[in-house]
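K.L.:
Let me give you the structure first, and then I'll get to my questions.
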Amino acid sequence: MAVAVRTWQAVDTGFYADSVEWCPHIGYHDVLLCGTYQLDKDHKEQDKKEDRSKPQTRRGNVQVYRVQEDQRFVSLTGEDQRSLSLMKTAVEEMPGVLDIKWSPDMLNGSPAFGLVNSVGMAELYVLNNSAEVKVTKLLGVNLGENVLGLSLDWSNRINKSTTPQLTTSSSDGCVQIHQLTQGELTPVCSWKAHDYEAWITAFDNWNTNVVYSGGDDCRLKGWDLRQNSTSPVFSSKRHEMGVCSIQSCPIREYLLCTGSYDEHLLVWDGRQMKQPLADLRVGGGVWRVKWHPRHARLILTATMYNGYHVVDAQHSTDGKMAVIHHYDEDVSLGYGADWCYSDSYDNLIATCSFYNHALQLWQFTMISHDVG
Numbered sequence: 001m002a003v004a005v006r007t008w009q010a011v012d013t014g015f016y017a018d019s020v021e022w023c024p025h026i027g028y029h030d031v032l033l034c035g036t037y038q039l040d041k042d043h044k045e046q047d048k049k050e051d052r053s054k055p056q057t058r059r060g061n062v063q064v065y066r067v068q069e070d071q072r073f074v075s076l077t078g079e080d081q082r083s084l085s086l087m088k089t090a091v092e093e094m095p096g097v098l099d100i101k102w103s104p105d106m107l108n109g110s111p112a113f114g115l116v117n118s119v120g121m122a123e124l125y126v127l128n129n130s131a132e133v134k135v136t137k138l139l140g141v142n143l144g145e146n147v148l149g150l151s152l153d154w155s156n157r158i159n160k161s162t163t164p165q166l167t168t169s170s171s172d173g174c175v176q177i178h179q180l181t182q183g184e185l186t187p188v189c190s191w192k193a194h195d196y197e198a199w200i201t202a203f204d205n206w207n208t209n210v211v212y213s214g215g216d217d218c219r220l221k222g223w224d225l226r227q228n229s230t231s232p233v234f235s236s237k238r239h240e241m242g243v244c245s246i247q248s249c250p251i252r253e254y255l256l257c258t259g260s261y262d263e264h265l266l267v268w269d270g271r272q273m274k275q276p277l278a279d280l281r282v283g284g285g286v287w288r289v290k291w292h293p294r295h296a297r298l299i300l301t302a303t304m305y306n307g308y309h310v311v312d313a314q315h316s317t318d319g320k321m322a323v324i325h326h327y328d329e330d331v332s333l334g335y336g337a338d339w340c341y342s343d344s345y346d347n348l349i350a351t352c353s354f355y356n357h358a359l360q361l362w363q364f365t366m367i368s369h370d371v372g
């Protein structure tokens, strides 16, 4: 399968970059968030001197970008096209950011997103409606004492709700559920899900009574919120190392993909979690997985020490997956990756690389045939 790939831009984010998320809302598809995380240099020096008397300080920010169209040219497929670049519109300083997720529904008429950070907070922000596209903090909730917030997910991707739930996970192995009601984020429940860090948590998009979690104990677990949360409905050790990425498919019910430090991308049928449908070794540790927002056959991975992969999962139900493209331009620990939702920018991707604090904007085109 022939693929044409073009890198539009690489942006220096200053701090180490670890998460990128495109806005899913019509009229805002060109808006991109990048989260950063960096250990304060003063505390790095303290570590060298073995002075551990003070807690480590992790700083970060959320950077807001918009896509802008520049020069006109003829693409590799003969189409008239404009070159693309990112314009930074705002920077919001805060503790180190570990994960960001847009709310699938607007809040009070504005796009909103949640994040978890290095001081154990889950926070909600909204975009303003001005041309500059800046962000305003709405509220926050503490996930626990002396913990890092590691991941979050929303319950309303398929089933729209004015009172959605948010699931979060933290470095003490706990998973939390919160309810957004009347401008407040109210804790619903919290439980010890994993023996070590709970790297990832995610709702089943089609049945939000079900929450998945993955931890450094090598376990992938499922939880039914209608039952006792101390007992998972399944606990899989199919991954051989820590489970750090999970996403329920937003297009096809029952499909689930997971990634792990063991370098494998797995696709599952949520009705049968004893064995995955398909298994593909992509290398480097699969830190993030993202289904394409319009094509259930495509999965994007951020694979830490091995760049980023676009994976063809069309035949995953038959046990087959294949890498369409491996993007590894100037990557130093690939942590973030996401698809742009815009029809105008088909297969436009943002990725971020940690140690060289780089945000990459790139795009691929299928030459042989269209993706369906």
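Counting from 1, position 334 in the sequence shown corresponds to residue 334 in the numbering used here; the numbering is continuous, with no gaps. Idealized CB from N, CA, C, for every residue including glycine.
For the beta strand (DSSP E) containing Pro374, list its first residue and its last residue.
P.N.:
Absent from the structure is residue 374, since the part of the chain shown begins at 1 and ends at 372.
K.L.:
Given a threshold of 16 other Cβ atoms within 10 Å of its Cβ, counted over all protein chains shown, does Gln272 qualify as buried or as exposed?
P.N.:
Exposed is the call here.
K.L.:
Just list the beta strand (DSSP E) runs in the stretch 318 to 354, keeping only unbroken ones of 3 residues or longer that don't cross its boundaries, in chain order.
P.N.:
Segments of the beta strand (DSSP E) lying fully in the stretch 318 to 354: 322 to 327, 334 to 339 and 348 to 353.
K.L.:
DSSP three-state label for Trp362, please.
P.N.:
Strand at Trp362.
K.L.:
Gly149: which of Tyr305, Val211 and Gly173 sits nearest, CA to CA?
P.N.:
Closest option to Gly149, Cα to Cα, is Gly173.
K.L.:
Can you list, in chain order, the residues of its chain with a C-beta nearer than 6 Å to that of Gln46? Leave out the 5 residues immediately preceding and following it.
P.N.:
In this prediction, Gln46 scores a pLDDT of 47, lower than 50, which makes its location untrustworthy; the coordinate-derived value is nonetheless stated afterwards. No residues qualify anywhere along the chain.
K.L.:
For Ile324, which residues from the same chain have a beta carbon less than 7 Å from its beta carbon, with the 5 sequence-adjacent residues on both sides left out?
P.N.:
Excluding residues within five positions, the ones whose Cβ falls inside 7 Å are Met1, Val3, Val310, Val311 and Asp312.
K.L.:
Taking the C-alpha atoms as reference points, what is the distance between Asp30 and Met87?
P.N.:
The alpha-carbon atoms of Asp30 and Met87 are separated by roughly 10 Å.
K.L.:
Going by the beta-carbon positions, is the gap between Tyr335 and Ala358 smaller than 8 Å?
P.N.:
No, they are not a contact pair.
K.L.:
How would you label Val188, buried or exposed, when you count the other beta carbons within 10 angstroms and need 16 or more for buried?
P.N.:
Val188 is exposed by the Cβ-count criterion.
K.L.:
Is the CB-CB distance between Gly215 and Val243 below 8 Å?
P.N.:
Going by C-beta atoms, Gly215 is nearer than 8 Å to Val243.
K.L.:
I'd like the list of long-range same chain contacts for Asn108, defined as Cβ closer than 6 Å, with 5 residues on each side in sequence excluded.
P.N.:
Cβ neighbours of Asn108 beyond the five flanking positions: none.
K.L.:
With a threshold of 8 Å on Cβ separation, who are the neighbours of Ser110 within its own chain once the five nearest residues in sequence on each side are excluded?
P.N.:
Val126, Leu127, Asn128 and Asn129.
K.L.:
Does Ser155 come out as helix, strand or coil in the three-state DSSP assignment?
P.N.:
The answer is coil: DSSP assigns Ser155 none of H, G, I, E or B.
K.L.:
Quick check: is the beta carbon of Ser151 nearer than 8 Å to any beta carbon in chain C?
P.N.:
Absent from the structure: chain C. Only one protein chain is present.
K.L.:
Take the Cβ of Thr258 as the centre, count every other Cβ of all protein chains shown within 10 Å, and call the residue buried at 16 or more, exposed below.
P.N.:
Buried, since its Cβ has 16 or more Cβ neighbours within 10 Å.
K.L.:
Can you name, in chain order, every residue of its own chain whose Cβ lies under 7 Å from the Cβ of Val331, other than the five neighbours on each side?
P.N.:
Gly307 and Ser353.
K.L.:
Please determine, among Val62, Asn156, Gly120 and Gln68, the residue with the shortest C-alpha to C-alpha distance to Asp105.
P.N.:
Ranking the options by Cα distance to Asp105, first place goes to Asn156.
K.L.:
Are Ala202 and Val175 close, meaning C-beta to C-beta below 8 Å?
P.N.:
Not closer than 8 Å, so no.
K.L.:
Quick one: grab the DSSP three-state call for Ser161.
P.N.:
Coil at Ser161, not helix or strand.
K.L.:
When we look at the beta-carbon of Asp70 and count the other beta-carbons within 10 Å, is it buried (16 or more) or exposed?
P.N.:
Exposed is the call here.
K.L.:
Nearest to Thr57 by CA position, among His326, Tyr37 and Tyr341, is which residue?
P.N.:
Looking at the Cα atoms, Tyr37 is the closest of the given residues.
K.L.:
Identify whether Gln46 lies in helix, strand or coil by the three-state DSSP scheme.
P.N.:
With a pLDDT of only 47 at Gln46, under the threshold of 50, the placement of this residue in the model should not be trusted; the figure read from the coordinates follows. Gln46: helix per DSSP, three-state reduction.
K.L.:
With burial defined as no fewer than 16 other Cβ atoms inside 10 Å of the residue's Cβ, what is the status of Glu197: buried or exposed?
P.N.:
Burial call: buried.
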